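*Asks:*
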Amino acid sequence: MNLHEYQGKDLFRAAGIPVPPGEVARTVDEAAAAGERLGLPLVVKAQVLIGGRGKAGGVKVVRSAEELKREAGRILGLDIRGHQVRKVLITPASDIEKEYYAGIVLDRKYETPLLMVSPEGGVDIEDVARATPEKILRLHLDQRGLPAYRARAAARFLDSRYPVQRQLSTVLQNLARVYRDQDCSLAEINPLVVTPKGEVLALDAKVVIDDNALDRHADLAELRDLGAEDPGEVEAREKNLSYVRLDGSIGCVVNGAGLAMATMDLIHYHGGKAANFLDIGGSSNPEKVTAAMSLLTRDARVRAVLFNIFGGITRCDDVARGLLAALDRIGTKLPIVIRLTGTNEKEARDLLSARGMTALSDMDEAVRAVIARAAEAA
Amino acid sequence: MSILIDRNSRVLVQGITGRDGSFHAKGMKEYGSKVVAGVTPGKGGTNIDGIPVFDTVAEAVARTRADVSVIYVPAALAQDAMYEAIDAEIPVVVCISEGIPVRDMVDVAAYLRGRSTRLIGPNCPGLITPGACKVGIMPGFIHAPGRIGLVSRSGTLTYEVVWQLTRAKMGQSTCIGIGGDPIIGTRFVDTLALFEADDATDAIVLIGEIGGTDEEDAAVLIENHVTKPVVAFIAGQTAPPGKRMGHAGAIVSGGAGTAKEKMERFERAGVPVAKVPSEIPGLIARALQSRRKPVLRVLRGSAPSAKRTVAKKKAARRVGAAKGAAKTKRPAAKANRAAPKRLAARKRPSK
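Order-wise, the sequence lines are chains V and X. Per numbering that gives the first Met the number 0, the first sequence runs over residues 0 to 377. Per numbering that gives the first Met the number 0, the second sequence runs over residues 0 to 350.
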């Protein structure tokens, strides 16, 4: 789960990482009121769950009350790569002497979190990694977390001044603690700045929480901003479906993530485009099939639907029952191509044929069929 | 033989009284696995379908000599279940549970280093040696005994490929699902080493997916140490970056972990990559016909007689076996780190 910048900063603040004050505004009036409390000059920052907002005009320094209102109004109406800006963070503009980078991610290969710091802050760390990899220091965080001496080493890599190093090493240790305590999969400060007065401040916060850990962080789970996410993905999550919106026209309902990926690849291979990734999971729950159908039939882009079910623990007849129930409830005119193989395949075919439907048993054949049906329907 | 499990394996089911645990314990037993014990704290002394239930893993092992454990507990309890099995020194532990927080697995992975247990999973379908032993949740009937080893990060996609192999009359030595999470106990490199050393395996099918670099590590290992033919397939060729595709580990992040990179790396290692799953049986058949030349022959640069080739092949296999045994020791990350050096030292021409 991605957190907004202001939510990430709240986590950082609570962990003792210095962040500038700030207020969230949903309207121009709220922004103006916040501006009066905080004092000029200010920065207006779009709160969207996607990167690259600066380049899209979603971050702006303002020096007067009028400018604040104008920019807050403009940014609150922005659409940043499909993400509507509904909130802005109003925060005092900081004087910046140095911009550094600090971030922690999971290193899958070493099976530990990895702290990366760089004196090249304020830019995309992947660009730094490509252009000047020697400007990134990497430290694996083992069972000890980040011992003070390693935090000091990282701080020395960033800044030569001892008083600044002391602040930086504390920030890094606190960042390591947040990462572990809050079950983060990413905790990033970019930029981590030093002001002309020699103060260290986290000017941004990018935090991603491990979805699998939300059960033990009720407070974090509440931070989920449903309005900022794709409605289809929100609905799918509520129904325990794994769904990702894609940009094609063929809806897919598949059991299992690997098979679902292979299905969308196969659609592409045969010249079509999938409208979604959708995994109904390994269990035989007709309710899930109904929920999946309901989701796809309301997607106006979908021209045809492919069911690709490999019955193992999932029983084909349960899927067929779910599909028939869904059709009774929803009643769609969309062409549906069904591929069923495996456990209780025959029972499923009997159920479907009683309703005048047939199921294929070969995956390639089914994919070619659904592409043809989608082309007819378009 | 086979890898990791065979008809003598004595299976213990952790979480046997739960809905999934009891269902699959029955399924494994019906398949012919020797399910000797179950564990659920507080349910000791009862039985499920004739399988005795114990309160602790240690007690179950002491009483039944179980040597494989399979875990079907909710995600929140899975870390503890793994610790209990590792502390009971069970050689093979298979964790089926899905949805385990990464932090829990970071700690388990650290604890496993230097210990004797081989963990498979989590978030995996388990493994099966067809006709002998099933430890997991896969439908047994799609498999057939044979000589193809299969390793995969997926569940149902594995079934799909197994079914295609079975219909093409290509039975399997062992099929193993290593799991779709970012941190898993056994990776491609570990299973490749085991298959390379296994006399009952002639060729290997590897089914990878987007996310991480385990496929790339596998390609390096194959290039240098695997003499048996390998055929690969990568799922997620059309997955958008930054989106998790169902599996917690299936995500292209920061431009890394794409299917394209993985496919290209395999091809550079001389591993045929199937574009669609249905190509796999054909590629295996072709690879088996024109077997990759054994290392020794390539190094000599001459073509020995057929008889000698067989002898060399066996020798090469033994070398691989010894290497495999060394490689499978933890930490896995260390083995990966060392691999590129070996690549430089023993570069072999790829086809």
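Backbone N, C-alpha and C fix where the C-beta goes; we use that ideal spot for every residue, glycine too. From a predicted model like this one, the values you see are computed outputs, not experimental measurements.
How many angstroms separate the CA atom of residue 59 of chain X from the CA atom of residue 53 of chain X?
*Replies:* Rounded to the nearest angstrom, the two C-alpha atoms are 6 Å apart.
*Asks:* Taking only beta carbons into account, state which residues of the segment 220-247 of chain V come closer than 7 Å to chain X, listed in chain order.
*Replies:* The residues in question are 241, 243, 245.
*Asks:* Take residue 255 of chain X and list the residues in its own chain whose beta-carbon comes closer than 8 Å to its own, dropping the five residues that flank it on each side.
*Replies:* Excluding sequence neighbours, residue 255 of chain X sits near 212.
*Asks:* Taking buried to mean at least 16 other C-beta atoms within 10 Å of its own C-beta, is residue 228 of chain X buried or exposed?
*Replies:* Its Cβ being crowded by 16 or more others within 10 Å, residue 228 of chain X is buried.
*Asks:* Can you give me the C-alpha to C-alpha distance between residue 128 of chain X and residue 27 of chain X, rounded to a whole angstrom?
*Replies:* Roughly 12 Å between the two C-alpha positions.
*Asks:* Quick check: residue 202 of chain X and residue 280 of chain X, are their CB atoms within less than 7 Å of each other?
*Replies:* The answer is no: Cβ separation not under 7 Å.
*Asks:* Between which two residues does the beta strand (DSSP E) carrying residue 276 of chain V extend?
*Replies:* Here the beta strand (DSSP E) through residue 276 of chain V covers 275-278.
*Asks:* On a CA-only basis, which of X:263, X:7, X:236, X:265 is nearest residue 251 of chain X? Give me that one, please.
*Replies:* It is X:236.
*Asks:* Just how far apart, CA to CA, sit residue 225 of chain X and residue 36 of chain X?
*Replies:* Using only the alpha carbons, I get a separation of about 37 Å.
*Asks:* Kindly indicate which residue of V:251, V:162, V:181, V:257 has the alpha-carbon position closest to the one of residue 209 of chain X.
*Replies:* That would be V:257, whose Cα lies nearest to the Cα of residue 209 of chain X.
*Asks:* Find the residues of chain X that neighbour residue 82 of chain V, judging by a C-beta separation of less than 8 Å, and give them in chain order.
*Replies:* Under the 8 Å cutoff, chain X gives no residues; its nearest Cβ is about 13 Å from residue 82 of chain V.
*Asks:* Does any C-beta atom of chain V lie closer than 7 Å to the C-beta of residue 116 of chain X?
*Replies:* No, because no Cβ of chain V sits closer than 7 Å to the Cβ of residue 116 of chain X.
*Asks:* Mind listing the chain V neighbours of residue 153 of chain X? Cutoff is C-beta to C-beta under 9 Å, in chain order.
*Replies:* Those are 255, 256, 257, 258, 260, 261, listed as they occur along chain V.
*Asks:* Residues in the same chain with beta-carbon distance under 7 Å from residue 39 of chain X, minus the five sequence neighbours each way, listed in chain order, please.
*Replies:* Here the set comprises 14, 15, 16, 52.
*Asks:* Measuring only the C-alpha atoms, how far is residue 185 of chain X from residue 108 of chain V?
*Replies:* Straight-line Cα distance between these residues: approximately 12 Å.
*Asks:* What number of angstroms, rounded off, separates the C-alpha of residue 216 of chain V from the C-alpha of residue 183 of chain V?
*Replies:* Approximately 11 Å, taken between the alpha carbons.
*Asks:* Quick one: give me the first and last residue of the beta strand (DSSP E) that residue 44 of chain V is part of.
*Replies:* It spans 41-45 - the beta strand (DSSP E) in which residue 44 of chain V sits, taken as one unbroken run.
*Asks:* Can residue 110 of chain V and residue 134 of chain V be called in contact, C-beta distance under 7 Å?
*Replies:* Contact: no.
*Asks:* Taking residue 189 of chain V as part of the beta strand (DSSP E), name the residues at either end of that continuous run.
*Replies:* First-last of the beta strand (DSSP E) with residue 189 of chain V: 183-193.
*Asks:* Would you be able to state if there are at least three C-beta pairs under 8 Å between the segment 85-95 of chain X and the segment 167-182 of chain V?
*Replies:* They do not touch, by the three-pair rule.
*Asks:* With a threshold of 7 Å between beta-carbons, can residue 142 of chain V be considered close to chain X, or not?
*Replies:* Answer yes: the Cβ-Cβ gap between residue 142 of chain V and chain X drops below 7 Å somewhere.
*Asks:* With a threshold of 7 Å on Cβ separation, who are the neighbours of residue 138 of chain X within its own chain once the five nearest residues in sequence on each side are excluded?
*Replies:* Taken in chain order, the residues that qualify are 158.
*Asks:* Can you tell me which of the three DSSP states residue 139 of chain V falls into?
*Replies:* In the structure shown, residue 139 of chain V sits in a strand (DSSP, three-state: E or B).
*Asks:* Chain V beta carbons: is any one of them nearer than 7 Å to that of residue 327 of chain X?
*Replies:* With a pLDDT of only 42 at residue 327 of chain X, under the threshold of 50, the placement of this residue in the model should not be trusted; the figure read from the coordinates follows. It does not: the Cβ of residue 327 of chain X has no partner Cβ on chain V nearer than 7 Å.
*Asks:* With three or more beta-carbon pairs closer than 8 Å as the criterion, would you say the segment 311-327 of chain V touches the segment 362-373 of chain V?
*Replies:* In short, these stretches do not touch, since the Cβ pair count stays below three.
*Asks:* Just the C-alpha distance for residue 34 of chain X and residue 23 of chain X, rounded to the nearest angstrom, thanks.
*Replies:* Near 11 Å, if we compare the C-alpha coordinates of residue 23 of chain X and residue 34 of chain X.
*Asks:* With 16 other CB atoms within 10 Å as the buried threshold, where does residue 140 of chain X fall?
*Replies:* It is exposed - the Cβ of residue 140 of chain X has fewer than 16 other Cβ atoms within 10 Å.
*Asks:* Could you check whether the Cβ of residue 113 of chain X sits closer than 7 Å to any Cβ belonging to chain V?
*Replies:* Chain V, which has no Cβ nearer than 7 Å to the Cβ of residue 113 of chain X, makes this no.
*Asks:* Rounded to a whole number of angstroms, what is the C-alpha to C-alpha distance between residue 26 of chain V and residue 72 of chain X?
*Replies:* Going from the Cα of residue 26 of chain V to the Cα of residue 72 of chain X covers about 47 Å.
*Asks:* With 7 Å as the threshold, decide whether the Cβ of residue 265 of chain V is near any Cβ in chain X.
*Replies:* True, the Cβ-Cβ gap to chain X drops below 7 Å.
*Asks:* Could you tell me whether the Cβ of residue 342 of chain V comes closer than 7 Å to any Cβ of chain X?
*Replies:* Yes, residue 342 of chain V counts as interfacial toward chain X.
*Asks:* Along chain X, which residues have their Cβ under 7 Å away from the Cβ of residue 212 of chain V?
*Replies:* The answer, in chain order, is 100, 102.
*Asks:* For the beta strand (DSSP E) that residue 144 of chain X lies in, which residues bound it at each end?
*Replies:* Per DSSP, residue 144 of chain X belongs to the beta strand (DSSP E) from 144-151.
*Asks:* At what residue ranges does the segment 66-123 of chain X contain a whole run of the beta strand (DSSP E), taking only runs of 3 or more?
*Replies:* Within the segment 66-123 of chain X, the complete beta strand (DSSP E) runs of at least 3 residues are 67-70, 91-94, 117-119.
*Asks:* Going along the chain, which residues of the segment 83-110 of chain V sit with their C-beta nearer than 7 Å to a C-beta in chain X?
*Replies:* So the list reads 105, 107, 108, 109, 110, given in the order they occur along the chain.
*Asks:* Skipping 5 residues on each side, what residues in its chain have a beta carbon closer than 6 Å to that of residue 264 of chain X?
*Replies:* Excluding sequence neighbours, residue 264 of chain X sits near 215, 218.
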